[in-house]
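Throughout the sequence shown, residue numbering follows full-length UniProt numbering, covering 1 to 532 in sequence.
Contents: one structure, followed by commentary.
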Amino acid sequence: MEQREYWYKIIICIVGILLYIVNLDTMAVEIMEARNLVTVREMLQSGDWQHPTMNGVLRLEKPPLPTWITAISASIFGLKNLFFLRLPAALMSIWLLFSMNSLVKRLTNDKLLAMLSAISLAGMLYVVMLGRRETWDIYTHSFMLAAIVQFVAMLQSVRPLRNALCGGILFGAAFLSKGPVSLYALFLPFVLIYCWQYRPLFGKSKRAALAIYIIIAFIISASWFVFLQLSLGNEAKEVLEGEVNNWHSYNVKPWYYYIKDYPVHSGLWTLILAIGLFTKYNYNKLRDKKAFSFFWLWTVASILLLSIIPEKKVRYLLPTFIPASFLVGSYFYYLIKDYERYKKPLDTVILKIHTVIFMIVAVALPIGIYMLFYRTAVVGWITVAGVCLMSLFCIYLLWKVWSSDKKHILIVGAILLLSSAILFFVPNSKYMLNPQFHSIGEVQKIQGLEGLPGYALEETRIELIWWTGRKIKEVQNLDGLQPPYMLLTNEKPTEYNLPSNYELIGHYDNNSKPEGHKYHHKSLSKYVVIVR
């Protein structure tokens, strides 16, 4: 390995740690993550790793590989350590960056462009959001991108069998992480565009390797669903059919839902991605037009395929940001290598717009920390001083972009800004949202509640089921329940016909938004009672 390539990999690793591991346990557990963590907890408690459950009900919609990986981490570090529960997903995110680096290097033979594409992927908003939580999306797409790298290596290698074996296993792992999601949104558009754009030759050895790749991928992918059919029969079939029906009937959005504001969801790179995706500006100045066209077509094809499915959620766009990161990386590559040679007045205007936007963020960050957290005594002056120093350093770097020929510093300043937000803003953000926030997770620390069964008289969100540390069964009344037990209610206990020997533990509000806000949910606000 060349010394320069070695340092490029060190840079990718540092960026990955800053964006995906620092303050990993500070973000609130949201609904999708809570479902996954409850499944992990019940898998460890029951010892049944073949039939996952969520709050005591079979959860067969999602294949179990990420649950198994997280359960291994939880069995070592415990179920109460959110950092280590999220660490596997964070490491998968960093692996995703290295896979992107490998793919671009194989297709362009340009190590700098590969590194810039990987860092651009690291800074994508939804990659950061999903990579810092224990969501299964990051697993399936990380495995699939690695499988794609092996697919390309297989077609480029003179001895392709090892790549075929590894690629088939990784493809199967992607399928065992979230079913056909990544096959449809990432692999299918890649294969179609790659074969059309690069027209690989399939000689005898390549055809044999491709057959091995497909057979291994199919066997591993089908294994979970075959097992369910053999062990549960019609019950498994009904659950899987319901999941497929959701694609057509649940959370339905118009076909243009993803297209109308797609670049905005990239966060820092909104303007850069919009220019790369919707215009041919700078195309003629690119060194590798073929690679740019390939990644552009891959991005567009992925967005269009997702747009066909009636069910739509913004997080489903995650796989599209993988090829899109090359478009962003190409812009930074142009700034570093060719800006001074080809620059026009419009180039300078676009560059200075980016610089001004990042400078505004750099100025706003310490002001926000001071106004929101220091004045309310959430943080001390050391934190404020730290964020001020970081922001001043970012402003200095951005000023160098403005006033000198060191245009590559723009990406450094952008990543430092994002890192500053993760370091100083994210850990304290929960304090600015709901002044009445009081986590129900506190009940796990109360003596006398350990091991008590849990019941609720109204709907209980899965987040609360995670934080209470037990299954919560919803009941219509308390008849036939054997005390002692823990009870969750929406209203004060005096509003219910409870047995006289109850004890009010307290009121807990896990809403991130204050009461009266449209996103304040009654189901996240509960009174906790012990009935003895």
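Ideal placement from N, C-alpha and C gives every residue a C-beta, glycine not left out.
{"Check": "Starting from residue 473, follow its DSSP beta bridges and name the residues at the other end.", "Outcome": "455"}
{"Check": "For a test of the three-state rule: what should DSSP assign to residue 508, helix, strand or coil?", "Outcome": "strand"}
{"Check": "Runs of 4 residues minimum, wholly inside the stretch 233–268: which ones carry the alpha helix (DSSP H) assignment?", "Outcome": "234–249"}
{"Check": "Out of curiosity, what's the CA-to-CA distance linking residue 192 and residue 522?", "Outcome": "47 Å"}
{"Check": "Could you pull out every residue in the same chain whose Cβ sits closer than 6 Å to the Cβ of residue 39, ignoring the five residues on either side in sequence?", "Outcome": "52, 54, 59, 67"}
{"Check": "Distance, Cα to Cα, residue 499 vs residue 360?", "Outcome": "59 Å"}
{"Check": "Comparing C-alpha positions only, which one of 342, 309, 158, 182 sits nearest to residue 318?", "Outcome": "182"}
{"Check": "What span of residues does the alpha helix (DSSP H) with residue 363 cover, start to end?", "Outcome": "345–369"}
{"Check": "Cβ of residue 291 less than 9 Å from any chain B Cβ?", "Outcome": "As a matter of chain content, chain B is missing from the structure shown, which is built from one protein chain."}
{"Check": "Leaving out five residues on either side along the sequence, give the residues of the same chain with a beta carbon under 6 Å from the beta carbon of residue 535.", "Outcome": "With the chain covering 1 to 532 only, the question about residue 535 has no answer from this structure."}
{"Check": "I need the boundaries of the beta strand (DSSP E) containing residue 178, first residue and last residue.", "Outcome": "It is not in any beta strand (DSSP E) - residue 178 instead sits in the alpha helix (DSSP H) that spans 161–178."}
{"Check": "What residue ranges within the stretch 48–83 form continuous alpha helix (DSSP H) runs of no fewer than 4 residues, ordered along the chain?", "Outcome": "65–77"}
{"Check": "Sort out for me which residues DSSP pairs residue 526 with in a bridge.", "Outcome": "508"}
{"Check": "For residue 220, does the count of other Cβ atoms within 10 angstroms reach 16, so buried, or fall short, so exposed?", "Outcome": "buried"}
{"Check": "Excluding sequence positions up to five away, which residues of its chain have a Cβ less than 7 Å from the Cβ of residue 325?", "Outcome": "100, 117, 120, 121, 124"}
{"Check": "Determine the DSSP secondary structure at residue 155, reduced to helix, strand or coil.", "Outcome": "helix"}
{"Check": "Bridge partners for residue 531 per DSSP, in chain order?", "Outcome": "485, 502"}
{"Check": "Out of 255, 5, 468, which has the shortest C-alpha to C-alpha gap to residue 111?", "Outcome": "5"}
{"Check": "Measure the CB-CB distance between residue 488 and residue 529 and report whether it falls below 9 Å.", "Outcome": "yes"}
{"Check": "Mark residue 303 as exposed unless 16 or more other C-beta atoms lie within 10 angstroms of its C-beta, in which case mark it buried.", "Outcome": "buried"}
{"Check": "Spatial neighbours of residue 331 within its chain, please: C-beta separation below 8 Å, excluding the five flanking residues on both sides.", "Outcome": "272, 275, 276, 282"}
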